[in-house]
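Student: Structure below; questions to follow.
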C-alpha cells in the first residue's frame, strides 16, 4: 500500500510534505512557471461566465450568451444573480438579458425564490408610510391638506 502512495506522488510530481512545518514557510513550494500558469488559469476563470447549480457544480462559458439559451437548457430552474439571497425581488435574470463573461449566475429552484421572498421584506413605500417618523420640515403632511371627504372623493374619481 505504501508503494502505491509513493508511485502516485512520483507520477503526479508532488513534493514531499513535512509534518509540523513552520507557519512562515509554505508547505508546498511551487516553481515560478507553475505559479504563472496558476495565475493565468485564475484570470481565465474570473473572465468566464459562471453558472452555479444548486448542488455546487459550476459551468463556465467564455463568450457572451443570452439567458434564454440557459433557461431552455434548464427549464425547471430560475437564473438569479448572487444578491438573490439578500434581495430576492429584483435579482432574477430575465430571458431577454445577455450574460457576459465575468458574471456569476445561480440556477435556483423557483421554490427557493418563493421562500426567500416570504422571509425577506422588500424595502419600499409600505415600510416608509407605516413608520411614525415625521420627515417633513413644517410638520405638515399631504394628509393634513386634504379633508377626509376630499380623500374619498378623489379615490372615487380615479376608479
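In our numbering, the protein residues as written are 1433 to 1591.
No residue lacks a Cβ here, since even glycine has one placed at the ideal position from N, Cα and C.
Just so you know, these numbers come straight off a predicted model, no measurement behind them.
#1: Taking the C-alpha atoms as reference points, what is the distance between residue 1511 and residue 1518?
#2: Would you report the Cα separation of residue 1520 and residue 1485, rounded to the nearest angstrom?
#3: Which residues does DSSP pair with residue 1481 in a beta bridge?
#4: Going by beta-carbon coordinates alone, are residue 1528 and residue 1496 separated by less than 9 Å?
#5: Within the continuous alpha helix (DSSP H) that includes residue 1554, where are the two ends?
#6: Hey, would you say residue 1531 sits closer than 9 Å to residue 1506, going by beta carbons?
Tutor: Answer, in terms of the structure:
#1: 15 Å
#2: The C-alpha of residue 1485 is placed about 17 Å away from the C-alpha of residue 1520.
#3: 1493
#4: no
#5: First-last for residue 1554: undefined, no H or E at that position.
#6: Result no, Cβ atoms of residue 1531 and residue 1506 do not sit closer than 9 Å.
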